[in-house]
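Protein sequences appear in the order of chains A and B.
Numbering-wise (the working numbering), the first sequence opens with residue 216 and increments by one.
Numbering-wise (the working numbering), the second sequence opens with residue 17 and increments by one.
Shown next, in structure tokens, is the structure this report addresses.
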Amino acid sequence: MTLSLTALMSWLGAFVALLIALLLLFGDVPLSGGMWLDALIHWKSIGAEIVWGIRLPRNLAAAGVGAMLGMSGALMQGLLRNPLAEPGLLGVSAGAGLGAAIAIVLGLGLLDFAVAGFALIGAVVVAIILLVFVERFPQRQSLILLGVGLSALCGALMALVFNLSPSPVTTAEMLGWMMGSVENRNIWDVLMCLLGLAIAGGLSFRLAKGLRYLTLGEETARSMGVDMVRLTQVVVIGASLLAGLSVAVAGVIGFVGLAAPHFVRAMGVKDPYRLIAPSALTGAIIVLIADALVRMIPATGELRLGVVTSLVGAPLFALLAWRSARSWMQD
Amino acid sequence: MLKLDHVSVKLSGHEVVRGVSADLPPGRLYVMVGPNGAGKTTLLKAMAALLPLSAGEIALNYKLIRDMPPPIRAGHIAYLPQERSIAWDLPCVDIAALGAQHLTPDLARQRAFAELEALGLHEVCDRGVFGLSGGQRARVLLARVLASPASTLLLDEPLIALDPAWQRQVLIRLKQRAAEGQTIVLSLHDLHLAAQFADDILLMHKGELKALAAPEKVFTATHLSDVFNLTGRLTGPPEARTLTLSSQPLL
């Protein structure tokens, strides 16, 4: 039985809300019953500060980052007609990572805004290069080649920054950023996520219907009135904005953008346009669950979010791939 | 009326179609034939405004197709490319309904169901296309074009992957649609089917339109020999034409 899109969105939305609420219960500091009562009644209490000032923004940031990655992955897979496409493919994530690494090596690591700002600048520079290129060469194969090239270049420059890092502490700081985290995120981080989702979601909702026709190939889409240059630009802007902001807020978190659309397809939504919104909610669920594990698994230091998303998600993804392969065999 | 006026198309600097002029009034089934590399696909793509012309003009109902906004043009011209790749495992009915984008979603599905049923796919309407055979997928894609409101259908090798029975069924269906007033242009390699079903044949050779006329006038011994290196003759009345062919030594 396949759920209607509205029903699926409702279920996924309710699950996201439930996870955000449930994860208020978990954190480094165990809260007593009295502290919980304080948190609910006295807004200035320590309990309230922990629950509403630390845990809630963290949960919302985790959901926001996951939603951005899921939506970005769905847009990329739809545009490139490739189930292996993911937000990192265009090099925007690597550009954002490079920006963050430069901020840290310049000694700005303790200033969250500086690191996020530099990450955004890195993402924007890569996105502008992509958009200028798309104007001249709108073919998807060319876009992939350029994205892979930019990703490799940013990766090499990041390695250079690591190499020239003045101290092991700075290197460790950069490495920590690269592995992703939503610890200590605040309301501004949540607002950045909401802004990205609103802009990219609005753009996609209005202008990305062509992804549906692109299912049958570029020639068919063009013959059906799709402006491929405009569609490619819209998707590159949307996916880049989302990927760049996600790195700016939480560092590099792999796997979510690749896997979220696949989970939605397994739930019966195959249309690449209708897949965008549920992929965002599924991405939010993946990152929230991963962040719950980060908090619950005992470790000497806190586990990093990017490590957990990959460690937990990859086997699930393999299981999904195996089930799909088995169903194709039966067909 | 689809009008081609001295149309030329260059691909990678080479002129693949040269100076093609033709008037194609509606209500007829046009079959384009010619050996490999004759320029059939390129000409069809140019007619669908998917390739820029290096010279000449193409007009539909006296309006240049290059001046039509793409969504408007899509309402007038539907195109089935030779490439049949489908990226996602959408249900057949959803793919066929893509052709009826001018209708509300419910009406588009009804239209898609009707076209799929006419093409013998009523039992697999709700199944994903990845579970279908090559021939069934080809019919689903054809249903998408037939569900379109366009007055002109351009079909590049629509019979690829179809068994002989379905090849004939599809041609009968296209002939019906032409009789209802649509302009249908398709490319074919099977000269027997072309002779049997076409109202007019467009004979392409080395990028030029060698002839545009009824099969009796196109499938002459001279054309068959010059263009296809075949000997043969067309016999029988228009409703039961038979083309007999035999090949000549290549050298």
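Note that the Cβ used here is the ideal one computed from N, Cα and C, for glycine as well.
According to DSSP, residues forming a beta bridge with residue i
| i | result |
| --- | --- |
| residue 48 (chain B) | B:203 and B:218 |
| residue 24 (chain B) | B:71 |
| residue 227 (chain B) | B:219 |
| residue 95 (chain B) | B:170 |
| residue 262 (chain B) | B:247 |
| residue 107 (chain B) | B:144 |
| residue 18 (chain B) | B:40 and B:76 |
Where the beta strand (DSSP E) through residue i begins and ends
| i | result |
| --- | --- |
| residue 73 (chain B) | 71–76 |
| residue 249 (chain B) | 246–251 |
Nearest-angstrom beta carbon gap, residue j and residue i [assumed within contact, 8 Å]
| i | j | result |
| --- | --- | --- |
| residue 294 (chain A) | residue 462 (chain A) | At roughly 20 Å, the Cβ-Cβ gap does not stay under 8 Å, so residue 294 (chain A) and residue 462 (chain A) are not in contact. |
| residue 156 (chain B) | residue 137 (chain B) | 6 Å |
| residue 249 (chain B) | residue 260 (chain B) | 6 Å |
| residue 227 (chain B) | residue 240 (chain B) | Rounded, the Cβ-Cβ distance is 11 Å, inconsistent with contact. |
| residue 200 (chain A) | residue 289 (chain A) | Absent from the model: residue 200 (chain A). The displayed extent of chain A is 216 to 546, so no value can be given. |
| residue 502 (chain A) | residue 278 (chain A) | 7 Å |
| residue 423 (chain A) | residue 409 (chain A) | Not really, about 20 Å apart at Cβ, beyond 8 Å. |
| residue 342 (chain A) | residue 459 (chain A) | 7 Å |
| residue 216 (chain B) | residue 195 (chain B) | Contact doesn't hold; Cβ gap of about 14 Å is too wide. |
| residue 285 (chain A) | residue 495 (chain A) | 5 Å |
| residue 172 (chain B) | residue 98 (chain B) | 4 Å |
| residue 100 (chain B) | residue 153 (chain B) | 7 Å |
Residue range of the alpha helix (DSSP H) that includes residue i
| i | result |
| --- | --- |
| residue 34 (chain B) | Taken as a continuous stretch (DSSP letters only), residue 34 (chain B) belongs to no alpha helix (DSSP H), being part of the beta strand (DSSP E) at 30–40. |
| residue 497 (chain A) | 491–511 |
| residue 419 (chain A) | 402–422 |
| residue 451 (chain A) | 443–465 |
| residue 366 (chain A) | 355–378 |
| residue 286 (chain A) | 271–295 |
| residue 250 (chain A) | 248–256 |
| residue 307 (chain A) | 307–318 |
| residue 393 (chain A) | 383–393 |
| residue 191 (chain B) | 180–195 |
| residue 477 (chain A) | 471–481 |
| residue 235 (chain A) | 220–237 |
| residue 236 (chain B) | Counting along the chain, residue 236 (chain B) falls outside any alpha helix (DSSP H), and DSSP gives it neither H nor E. |
| residue 58 (chain B) | 56–63 |
| residue 100 (chain B) | From DSSP, residue 100 (chain B) is part of no alpha helix (DSSP H); its letter is neither H nor E. |
| residue 302 (chain A) | From DSSP, residue 302 (chain A) is part of no alpha helix (DSSP H); its letter is neither H nor E. |
| residue 426 (chain A) | 425–429 |
| residue 117 (chain B) | Taken as a continuous stretch (DSSP letters only), residue 117 (chain B) belongs to no alpha helix (DSSP H), as it is neither H nor E. |
| residue 198 (chain B) | Run containing residue 198 (chain B): none; DSSP gives neither H nor E here. |
| residue 160 (chain B) | 150–162 |
| residue 437 (chain A) | 433–438 |
Members of the segment 423–449 of chain A that neighbour chain B once the beta carbon cut-off is set at 8 Å = 427, 428, 429, 430, 431, 432, 434, 435, 437, 438, 439, 440, 441 and 442
Spell out a yes or no on whether the segment 445–455 of chain A and the segment 333–342 of chain A are touching, meaning 3 or more CB-CB pairs, one atom from each, closer than 8 Å.
-> yes
Inter-stretch contact (C-beta, 8 Å, three-pair minimum) for the segment 480–498 of chain A and the segment 305–314 of chain A | no
Counting Cβ pairs, one atom from each stretch, are 3 or more of them under 8 Å apart for the segment 260–275 of chain A and the segment 242–251 of chain A?
-> yes
Taking contact to mean at least 3 C-beta pairs separated by less than 8 Å, is the segment 204–213 of chain B in contact with the segment 88–95 of chain B?
-> no
Listed in chain order, which residues of the segment 482–501 of chain A have Cβ atoms closer than 9 Å to some Cβ of chain B?
-> 485, 486, 487 and 490
Counting pairs of Cβ atoms below 8 Å between the segment 22–29 of chain B and the segment 186–205 of chain B, do you hit three or more?
-> no
Cβ-based contacts, 7 Å cut-off: residues of the segment 276–302 of chain A near chain B | 296
Going along the segment 105–126 of chain B in order, which residues come within less than 9 Å of chain A, judged by CB to CB distance?
-> 105, 106, 107, 110, 111, 114, 115 and 117
Mind listing which residues of the segment 135–157 of chain B have their C-beta closer than 8 Å to chain A's C-betas, in chain order?
-> 144, 146, 147 and 157
Does the pairing of the segment 68–84 of chain B with the segment 128–148 of chain B give three or more beta-carbon distances under 8 Å?
-> no
Does the segment 137–149 of chain B come close enough to the segment 104–114 of chain B that 3 or more CB-CB pairs lie under 8 Å?
-> yes
Take every Cβ of the segment 233–243 of chain A, pair it with every Cβ of the segment 270–279 of chain A, and state whether three or more of those distances are shorter than 8 Å.
-> yes
Given 8 Å, three or more beta-carbon pairs between the segment 468–482 of chain A and the segment 414–423 of chain A = no
Listed from N- to C-terminal order along the chain, which residues in the segment 59–85 of chain B have their beta-carbon within a distance smaller than 9 Å of any beta-carbon of chain A?
-> 61, 64, 65, 66 and 85
Is the segment 497–515 of chain A touching the segment 317–335 of chain A in the sense that three or more CB pairs, one from each, lie closer than 8 Å?
-> no
Going along the segment 230–241 of chain B in order, which residues come within less than 7 Å of chain A, judged by CB to CB distance?
-> none
Using 8 Å as the threshold, is the segment 518–536 of chain A in touch with the segment 48–68 of chain B, meaning 3 or more CB pairs across them?
-> no
Touch check for the segment 172–186 of chain B and the segment 35–43 of chain B: three-plus C-beta pairs under 8 Å?
-> no
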